[in-house]
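Participant:
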C-alpha cells in the first residue's frame, strides 16, 4: 500500500488502485497526443502501411483504456474511495 505520514492510518489509495489511475493517464496521454501525431504524420507522408499500423495500435489502446476505466468504476462502486 502507499505510504502514509501518520503511523497506523490507512493510505488514501491501495497501490493497485493507484496503478489503474496511473496507467489510465499514461495510456490516454500516449493515445491522444503521440498516436494522433503519428497518424497525421503517416497520412501526410503518404504511408498507408504505417497509417494502418498506428490505427491498429490506436484501437488497441482504446480497448486498454476501456478496460482500465471499467475496473476503476468497479473499484469506485465497491466504495474503495471512502
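In our numbering, the protein residues as written are 29 to 110. No residue lacks a Cβ here, since even glycine has one placed at the ideal position from N, Cα and C. Every value quoted in this text rests on a predicted model; they were computed, and no experiment measured them.
Which residues in the same chain have their Cβ closer than 8 Å to the Cβ of residue 90, if we skip the five residues on either side of it in sequence?
Facilitator: 59
Participant: Roughly how many angstroms lie between the CA atoms of residue 71 and residue 88, to the nearest whole one?
Facilitator: 19 Å
Participant: Counting C-beta neighbours from all protein chains within 10 Å, is the total for residue 96 16 or more, i.e. buried, or is it exposed?
Facilitator: buried
Participant: Going by the beta-carbon positions, is the gap between residue 64 and residue 92 smaller than 8 Å?
Facilitator: no
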